[in-house]
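Chains as they are written, first to last, in this note's numbering: chain X, 1 to 383; chain C, 384 to 644.
Glycine included, C-beta positions come from ideal geometry on N, C-alpha and C.
Written below as structure tokens is the structure these notes are about.
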Amino acid sequence: MDTQGAAAPGGAVIIGLDGLDALIKALAAGGYRVIGPALGDGAIIFDEIQSAAQLPAGWTDVQAPGSYRLEQRGDGAIFGFAVGPHSWKKFLHEPVLRLWRAQRQSDGSVSAAADPPPAARFAFIGVRSCDLHAVAIQDQVLIGGADKDPHYAARRGGAFIVAVNCTAPGGNCFCVSMGTGPRVESGYDLALTELLGDGRHEFVVEIGSARGAAVMQQVAHRPAQETHRRAAAEVSARAASQMGRELDTTGIRELLLGNLEHPRWDDVAARCLACANCTMVCPTCFCTTVEDHADLTGGGAERVRQWDSCYTLDFSHLHGGSVRSSIKSRYRQWLTHKLATWFDQFGSSGCVGCGRCITWCPVGIDLTEEVAAIRAGQEHGKR
Amino acid sequence: MARTRRVRLAVWKFASCDGCQLSLLDCEDQLLTLAQEVQIAKFLEATSAEVKGPYDLSLVEGSITTAADAERIREVRRQSRALVTIGACATAGGIQALRNFGNVPEFISAVYATPAYISTLSTSTAIADHVPVDFELRGCPIDKGQLLEVLAAFINGRKPAIAAHSVCVECKRRGTVCVMVAKKAPCLGPITHAGCGAICPAYGRGCYGCYGPADTVNALSLVNAWSAAGGSRAQMHRVLRSFNANAGEFRAAAEALHEDD
Ligand code: SF4
Ligand code: SF4
Ligand code: SF4
Numbered sequence: 001m002d003t004q005g006a007a008a009p010g011g012a013v014i015i016g017l018d019g020l021d022a023l024i025k026a027l028a029a030g031g032y033r034v035i036g037p038a039l040g041d042g043a044i045i046f047d048e049i050q051s052a053a054q055l056p057a058g059w060t061d062v063q064a065p066g067s068y069r070l071e072q073r074g075d076g077a078i079f080g081f082a083v084g085p086h087s088w089k090k091f092l093h094e095p096v097l098r099l100w101r102a103q104r105q106s107d108g109s110v111s112a113a114a115d116p117p118p119a120a121r122f123a124f125i126g127v128r129s130c131d132l133h134a135v136a137i138q139d140q141v142l143i144g145g146a147d148k149d150p151h152y153a154a155r156r157g158g159a160f161i162v163a164v165n166c167t168a169p170g171g172n173c174f175c176v177s178m179g180t181g182p183r184v185e186s187g188y189d190l191a192l193t194e195l196l197g198d199g200r201h202e203f204v205v206e207i208g209s210a211r212g213a214a215v216m217q218q219v220a221h222r223p224a225q226e227t228h229r230r231a232a233a234e235v236s237a238r239a240a241s242q243m244g245r246e247l248d249t250t251g252i253r254e255l256l257l258g259n260l261e262h263p264r265w266d267d268v269a270a271r272c273l274a275c276a277n278c279t280m281v282c283p284t285c286f287c288t289t290v291e292d293h294a295d296l297t298g299g300g301a302e303r304v305r306q307w308d309s310c311y312t313l314d315f316s317h318l319h320g321g322s323v324r325s326s327i328k329s330r331y332r333q334w335l336t337h338k339l340a341t342w343f344d345q346f347g348s349s350g351c352v353g354c355g356r357c358i359t360w361c362p363v364g365i366d367l368t369e370e371v372a373a374i375r376a377g378q379e380h381g382k383r
Numbered sequence: 384m385a386r387t388r389r390v391r392l393a394v395w396k397f398a399s400c401d402g403c404q405l406s407l408l409d410c411e412d413q414l415l416t417l418a419q420e421v422q423i424a425k426f427l428e429a430t431s432a433e434v435k436g437p438y439d440l441s442l443v444e445g446s447i448t449t450a451a452d453a454e455r456i457r458e459v460r461r462q463s464r465a466l467v468t469i470g471a472c473a474t475a476g477g478i479q480a481l482r483n484f485g486n487v488p489e490f491i492s493a494v495y496a497t498p499a500y501i502s503t504l505s506t507s508t509a510i511a512d513h514v515p516v517d518f519e520l521r522g523c524p525i526d527k528g529q530l531l532e533v534l535a536a537f538i539n540g541r542k543p544a545i546a547a548h549s550v551c552v553e554c555k556r557r558g559t560v561c562v563m564v565a566k567k568a569p570c571l572g573p574i575t576h577a578g579c580g581a582i583c584p585a586y587g588r589g590c591y592g593c594y595g596p597a598d599t600v601n602a603l604s605l606v607n608a609w610s611a612a613g614g615s616r617a618q619m620h621r622v623l624r625s626f627n628a629n630a631g632e633f634r635a636a637a638e639a640l641h642e643d644d
């Protein structure tokens with residue numbers, strides 16, 4: 001084991017399957033709540049894990065619009081799949097969160113108490129490049145401005161990121177179009193590239209931070225050679241050539257905002273269910289609603305924050321009713337925010353090309369296809 | 384804001400199975416508090432003692448299936464300051480609304496030894512089709528947590544926090560893997576009103592639509608997706624014809640399927 005040099009920030013080392021297990025155990029022993037991919041309900045979900053044995057070895061996912069299915073790969077690849085139904089926002093920006101409780105006391109005074117933040121810091125295993133960009137976008141939205149969300153900050157602060165470079169992009173992936181992958185570039189503590197074949201199964205571990213280096217001191221490893229680095233780069237180059245979809249982003253803000261009355265919005269509205277699945281699975285969608293509940297006596301109350309969506313009727317309820325009553329106006333609001341007005345609001349696109357909204361739409365609506373249709377319709381109109 | 388007088392609560396039954404009013408007795412921990420906060424003036428499932436009206440709040444379970452009940456609900460309305468309907472029978476006509484699509488005299492002669500003793504309407508309809516209703520609490524059966532929320536809201540004079548969006552939102556919040564996408568199971572969740580907490584998908588089954596239509600419904604698109612996944616039109620028709628068969632959008636979708644055949 002080398003004790004210095006390679007296992008320092010900016011360096012790279014090699015570990016085997018046992019090393020991956022040791023890494024997970026070292027993180028758990030270090031007080032982290034370790035979350036990683038695992039099989040559940042016929043999909044690869046994110047769950048609490050204690051060892052590498054819980055990772056979905058040998059499984060992959062086959063994704064198409066409105067369709068997801070697991071398949072055996074025929075090899076023992078640990079990370080040979082793309083992103084699944086869950087995203088990290090499930091842990092960082094919780095779906096249901098009680099903000100505080102209040103109780104009227106016998107002397108008539110009212111005491112209010114916020115729920116304490118979670119005790120353990122998170123360690124996320126297997127964060128893909130698109131999702132790393134999505135976390136950065138939620139950082140910008142939720143803690144990047146003057147008003148910071150303390151609940152997100154408490155969960156995000158100190159989260160340990162073990163990223164993974166994709167080897168098997170899914171049928172709905174288009175991170176290359178969005179400039180968000182497939183190779184992770186920054187924002188990680190450790191980044192793994194799985195090398196499999198010709199009798200070897202090992203991981204190149206790039207060290208991204210001092211605490212990443214510190215954890216690697218507890219894991220048996222050897223220094224990475226130039227050949228390893230080259231093999232890792234090849235994995236990413238191959239992944240980049242296997243994108244399931246493509247989105248032409250040329251002038252996309254102007255394209256969408258200049259076509260608010262395009263007939264394609266009616267076409268997609270005939271298919272869209274306004275069910276909100278796309279926004280729930282999207283790793284950058286951040287909207288919430290708060291519900292206040294008072295108990296039967298009127299003496300106890302609580303405020304609960306929950307994921308909300310621009311697809312619900314109540315979301316745009318102002319005095320007198322909803323301002324987006326048609327499905328058309330809701331789909332258009334979502335797509336134009338994601339791909340156009342997000343630039344005005346947060347300085348980037350709101351889409352990282354993970355493809356979740358395409359896979360998990362029950363009727364398989366594909367935003368890349370919708371944008372392409374608007375683009376084609378517009379060019380047609382110009383002629 | 385101490386209340387000067389306890390709210391007088393009455394519970395009424397029309398054509399129904401009693402399951403929804405039993406949700407009230409099922410409130411266990413909260414039941415004693417409820418009994419302190421309200422005067423349970425009429426609730427035959429709990430006590431035969433009755434306090435005469437008028438009542439501050441009436442919970443109405445069941446649908447209207449006879450001429451006598453159509454008359455009785457008017458009297459209930461007259462005696463109630465606020466009237467809340469509970470359950471699929473009261474809010475949509477219930478499973479018994481399947482009669483609306485059949486031949487009632489034929490059923491009667493097939494089922495009863497002396498059909499002449501039976502006096503019934505040819506339809507089963509929601510309470511709101513007969514009298515104004517202040518709030519409709521959906522479900523077959525209703526969720527007791529939601530019932531307590533509605534009661535607390537009416538007792539304290541606030542709006543009930545009951546969401547009208549799709550079941551999918553609840554499904555995703557609890558992290559369930561979508562059965563429609565991952566298992567190709569027909570699921571009514573995308574067009575069904577939330578409230579149950581998305582129980583069925585959590586057990587690997589499609590949603591049965593117990594809470595009726597959501598705030599926005601595009602049934603045609605959902606039916607097209609089921610059919611693309613290999614569902615037969617007869618199957619889809621049956622799925623739409625259950626507890627909420629008579630609820631506007633579900634009824635229309637089933638009728639559209641029928642017409643196509
Ligand atoms: S809009 Fe769709 S593809 Fe883009 S980040 Fe969200 S879920 Fe992923
Ligand atoms: S685009 Fe798909 S997932 Fe999103 S609201 Fe419409 S039907 Fe639901
Ligand atoms: S399982 Fe049903 S309720 Fe859940 S997200 Fe899928 S379609 Fe919606």
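| query | result |
| --- | --- |
| Against chain C: residues of the segment 313-333 of chain X by CB proximity under 7 Å | 313, 314 and 327 |
| is_contact[residue 3 of chain X, chain C] using C-beta, thresh 7 Å | Residue confidence is low: residue 3 of chain X scores 47 on pLDDT, short of 50, so the model does not pin down where it sits. No coordinate-derived value is stated. |
| Whole-angstrom distance between residue 373 of chain X and residue 380 of chain X, CA atom to CA atom | Below a pLDDT of 50, predicted positions are generally treated as unreliable, and residue 380 of chain X, at 49, falls in that range; no measurement from the model is reported. |
| Selection of the segment 555-567 of chain C by Cβ proximity to chain X, strictly under 9 Å | 555, 556, 557, 558, 559, 560, 561, 562, 563, 564, 565, 566 and 567 |
| Cβ pair count under 8 Å reaching 3, the segment 60-74 of chain X against the segment 32-45 of chain X | yes |
| Ligand 2 heavy atom lying under 6 Å from the CB of residue 365 of chain X | yes |
| Buried or exposed (CB count within 10 angstroms, at least 16 for buried), residue 425 of chain C | buried |
| Any 3 or more C-beta pairs closer than 8 Å across the segment 392-411 of chain C and the segment 590-603 of chain C | no |
| Residues sharing a beta bridge with residue 293 of chain X, DSSP | X:302 |
| Closer than 7 Å at the beta carbon, the chain X residues around residue 574 of chain C | 273 |
| Chain X contacts from the segment 470-497 of chain C (Cβ-Cβ distance under 8 Å) | none |
| Closer than 7 Å to chain X by CB, residue 397 of chain C | no |
| Anticipated Cβ contact below 8 Å, residue 288 of chain X with residue 307 of chain X, distance rounded | 6 Å |
| Spatial distance of residue 419 of chain C from residue 438 of chain C (CA atoms) | 16 Å |
| For residue 396 of chain C, three-class secondary structure by DSSP | strand |
| Per DSSP, cross-strand counterpart(s) of residue 288 of chain X | X:307 |
| CB contact flag (residue 550 of chain C, residue 572 of chain C, <7 Å) | yes |
| Cα-Cα separation, residue 382 of chain X to residue 351 of chain X | Residue confidence is low: residue 382 of chain X scores 45 on pLDDT, short of 50, so the model does not pin down where it sits. Its coordinate-derived value is still stated next. Distance between the alpha carbons of residue 382 of chain X and residue 351 of chain X is about 28 Å. |
| Inter-residue spacing [alpha-carbon to alpha-carbon] between residue 152 of chain X and residue 143 of chain X | 8 Å |
| Chain X within 7 Å of residue 539 of chain C, Cβ atoms only | yes |
| Cβ-based burial, residue 200 of chain X [other Cβ within 10 Å; buried from 16] | exposed |
| Spatially closest choice to residue 392 of chain C from C:434, C:409 and C:567, by CA coordinates | C:434 |
| CA-to-CA distance, residue 127 of chain X to residue 206 of chain X, given in whole angstroms | 14 Å |
| Cutoff 6 Å; reference residue 387 of chain X; Cβ partners in own chain excluding five residues on either side | For residue 387 of chain X there is no data in the structure shown, the boundaries of chain X being 1 and 383. |
| Cutoff 7 Å: residue 362 of chain X Cβ touching any chain D Cβ | Among the protein chains in the structure shown, which are X and C, there is no chain D. |
| Cβ of residue 147 of chain X within 7 Å of any chain C Cβ | no |
| Sub-7 Å separation of residue 440 of chain C and residue 390 of chain C beta-carbons | yes |
| Contacts of residue 291 of chain X in chain C (Cβ-Cβ under 9 Å) | 544 and 546 |
| Alpha helix (DSSP H) segment containing residue 333 of chain X, residue limits | 327-336 |
| Cutoff 7 Å: residue 551 of chain C Cβ touching any chain X Cβ | yes |
| For residue 269 of chain X, three-class secondary structure by DSSP | helix |
| Cβ of residue 88 of chain X within 7 Å of any chain C Cβ | no |
| Complete runs of the alpha helix (DSSP H) confined to the segment 189-271 of chain X [at least 4 residues] | 210-216, 226-240, 252-257 and 264-271 |
| CB contact check: residue 627 of chain C to chain X, cutoff 7 Å | no |
| Selection from X:323, X:299, X:260 and X:14 that minimises the alpha carbon distance to residue 105 of chain X | X:299 |
| Beta-bridge partners of residue 442 of chain C, as assigned by DSSP | C:394 and C:467 |
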